[in-house]
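**Student:**
Numbering (UniProt numbering), first residue to last: 1 to 278.
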């Protein structure tokens, strides 16, 4: 019999990949692990309540359609009454309140139930389960609205023509590096009223790509930022609302993702402002 790997021998596939399971921090205490279990329990209860509510809505619509004769209006009224009655009964009977408009998808469940993901939300709220779960729900709403995992390069290429942001390489600890160049921001008087929204979409796209490149099997969950102010002037300063939105998105919807940040080539007055703040 021919040796494995030779033309006449049996086909030999690639060696099995190690660490194919989600990363779990070995340094977590039993108390912290229990908090992750409690988070998963809340997710399951919410999903069960959402699925039950959807089934009730379908049943009420089918009953209204079966009656015939203006069934469309009646079924709509029945669905509305069912929705209000279910939400009121859940609150009166102490059942799980509906925090989302529809059940979690398979993609969302896989993303949410990852231990390292739940750990980030708990750390961001000092291991308070109720606050961490509330932050998780708000993040799900944000992701449903923006659909960051579906953003394509062509949707943000126009906003990044000058190279405001780009992701390249890893630092010595294995964190992906995201370069930000505020000096490439278009001037505020450029006349593009949608520039702020385009910049926000670009930020979300870059954050999502950086997260996707994380070496999760090695326990890496943070991103390193290099903020290069070369060529920056006051004309490049984004509107206050856009800047605050940047901070809000990264702080609340990508919690505990900052590994480190380096600010280089800052204008001289930055150091003066820093001295005044401290």
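Cβ atoms here follow ideal geometry from the backbone N, Cα and C, with glycine treated the same way.
Under 8 Å, do residue 186 and residue 232 count as touching if we go by C-beta distance?
**Tutor:** If you number the chain shown from 1, residue 186 lands on position 186. If you number the chain shown from 1, residue 232 lands on position 232. The answer is no: Cβ separation not under 8 Å.
**Student:** Considering only C-alpha positions, which residue in the set 41, 106, 230 and 244 is nearest to residue 264?
**Tutor:** Residue mapping note: residue 264 aligns to position 264 of the chain shown, counting from 1. Here the closest residue by C-alpha is 230.
**Student:** For the alpha helix (DSSP H) containing residue 146, name the first residue and the last one.
**Tutor:** Counting from 1 along the chain shown, the entry for residue 146 is found at position 146. Run containing residue 146: 129-146, per the alpha helix (DSSP H) assignment.
**Student:** Would you kindly report the start and end of the unbroken beta strand (DSSP E) that includes residue 183?
**Tutor:** Position 183 of the chain shown, counted from the start, is the residue given in the question as residue 183. Here residue 183 belongs to no beta strand (DSSP E), and DSSP marks it neither H nor E.
**Student:** Is DSSP giving residue 229 helix, strand or coil here?
**Tutor:** On the chain shown, position 229 is the one that residue 229 refers to. It is coil, neither helix nor strand.
**Student:** May I ask you to list the residues that DSSP assigns as paired with residue 223?
**Tutor:** What you label residue 223 is simply residue 223 of the chain shown in a count that begins at 1. Answer is 258.
**Student:** Which residues does DSSP pair with residue 239 in a beta bridge?
**Tutor:** Here residue 239 corresponds to residue number 239 of the chain shown, with the count starting at 1. Looking at the DSSP assignment, residue 239 forms no beta bridge with any residue, so it has no partner.
**Student:** Which residues in the same chain as residue 39 place their Cβ atom closer than 7 Å to its Cβ, once the five residues preceding and following it in sequence are excluded?
**Tutor:** Counting from 1 along the chain shown, the entry for residue 39 is found at position 39. These residues qualify, in order along the chain: 118, 122, 129, 132 and 133.
**Student:** To which residues of the same chain is residue 287 closer than 8 Å at the C-beta, ignoring the five residues directly before and after it?
**Tutor:** This structure does not reach residue 287, given that the chain is present from 1 up to 278, and the question cannot be answered.
**Student:** What first and last residue would you give for the beta strand (DSSP E) that runs through residue 165?
**Tutor:** On the chain shown, residue 165 is found 165 positions in, with the first residue counted as 1. Segment 165-170, the beta strand (DSSP E) holding residue 165.
**Student:** Taking residue 214 and residue 165 to be in contact with their CB atoms under 8 Å, please state how far apart those CB atoms are, rounded to whole angstroms.
**Tutor:** The count along the chain shown starts at 1 and reaches residue 214 at position 214. The count along the chain shown starts at 1 and reaches residue 165 at position 165. That pair is no contact at about 17 Å.
**Student:** Please report the distance separating the alpha-carbon of residue 158 from that of residue 47.
**Tutor:** Numbered from its first residue, the chain shown carries residue 158 at position 158. Numbered from its first residue, the chain shown carries residue 47 at position 47. So the two alpha carbons sit approximately 39 Å from each other.
**Student:** Just how far apart, CA to CA, sit residue 51 and residue 172?
**Tutor:** Within the chain shown, numbered from 1, the residue matching residue 51 stands at position 51. Within the chain shown, numbered from 1, the residue matching residue 172 stands at position 172. Cα-Cα distance, rounded: 45 Å.
**Student:** Let me make sure I understand the geometry here. Which of 238, 162, 247 and 54 has the alpha-carbon closest to that of residue 204?
**Tutor:** As a first step, residue 204 must be located in the chain shown, where it is residue number 204. Nearest C-alpha to residue 204: 247.
**Student:** Can you name the residues that DSSP bridges to residue 263?
**Tutor:** Along the chain shown, one-based indexing puts residue 263 at 263. In DSSP, residue 263 forms a bridge with 227.
**Student:** Whose CA, out of 43, 196, 170 and 245, lies closest to the CA of residue 211?
**Tutor:** Here residue 211 is taken as the residue at index 211 of the chain shown, counted from 1. The candidate whose alpha carbon is nearest that of residue 211 is 170.
**Student:** Taking the alpha-carbon positions, what's the residue 58 to residue 100 distance?
**Tutor:** By 1-based counting over the chain shown, the position of residue 58 is 58. By 1-based counting over the chain shown, the position of residue 100 is 100. Spanning the alpha carbons of residue 58 and residue 100 requires a straight line of approximately 17 Å.
**Student:** Where does the unbroken alpha helix (DSSP H) through residue 115 begin, and where does it stop?
**Tutor:** Residue 115 sits at position 115 when you count from the first residue of the chain shown. 115-124 is the span of the alpha helix (DSSP H), which, as asked, contains residue 115.
**Student:** In its own chain, which residues sit with a C-beta less than 6 Å from the C-beta of residue 179, not counting the 5 before and 5 after it?
**Tutor:** Within the chain shown, the letter at position 179 stands for residue 179. Cβ neighbours of residue 179 beyond the five flanking positions: 166 and 226.
**Student:** Take the Cβ of residue 220 as the centre, count every other Cβ of all protein chains shown within 10 Å, and call the residue buried at 16 or more, exposed below.
**Tutor:** In the chain shown, counting from the first residue as 1, residue 220 sits at position 220. Within 10 angstroms of the beta-carbon of residue 220 lie 16 or more other beta-carbons, which makes it buried.
**Student:** Which partner residues does residue 176 have in the DSSP bridge list?
**Tutor:** For the purposes of this step, residue 176 is taken as the residue at position 176 of the chain shown. Note: residue 176 sits in a beta bridge opposite 170.
**Student:** Compute the beta-carbon to beta-carbon distance between residue 208 and residue 148, rounded to the nearest angstrom, for a pair I have assumed lies under 8 Å.
**Tutor:** The residue labelled residue 208 in the question sits at position 208 within the chain shown. The residue labelled residue 148 in the question sits at position 148 within the chain shown. Right, their Cβ atoms sit about 4 Å apart.
**Student:** What residue does the alpha helix (DSSP H) around residue 36 start on, and which one ends it?
**Tutor:** In the chain shown, residue 36 corresponds to position 36, counting from 1. Taken as a continuous stretch (DSSP letters only), the alpha helix (DSSP H) holding residue 36 covers 30-67.
**Student:** Identify the continuous alpha helix (DSSP H) that holds residue 212 and give its terminal residues.
**Tutor:** Numbered from its first residue, the chain shown carries residue 212 at position 212. Unbroken alpha helix (DSSP H) run through residue 212: 195-212.
**Student:** Determine the direct distance from the alpha carbon of residue 199 to that of residue 30, and round the result to whole angstroms.
**Tutor:** Locating residue 30 in the chain shown gives position 30, counting from the first residue. Locating residue 199 in the chain shown gives position 199, counting from the first residue. The alpha-carbon atoms of residue 30 and residue 199 are separated by roughly 42 Å.
**Student:** Does DSSP put residue 154 in a helix, a strand or coil?
**Tutor:** Taking the first residue of the chain shown as position 1, residue 154 is located at position 154. If DSSP states are grouped into helix, strand and coil, residue 154 belongs with the helices.
**Student:** By how many angstroms is the C-alpha of residue 104 removed from the C-alpha of residue 113?
**Tutor:** Translated into positions along the chain shown, residue 113 becomes position 113. Translated into positions along the chain shown, residue 104 becomes position 104. Residue 113 and residue 104: Cα-Cα distance of roughly 11 Å.
**Student:** Could you pull the start and end residues of the alpha helix (DSSP H) that residue 108 belongs to?
**Tutor:** Reading the chain shown from its first residue, position 108 is the one you call residue 108. Where residue 108 is concerned, the enclosing alpha helix (DSSP H) stretches over 106-112.
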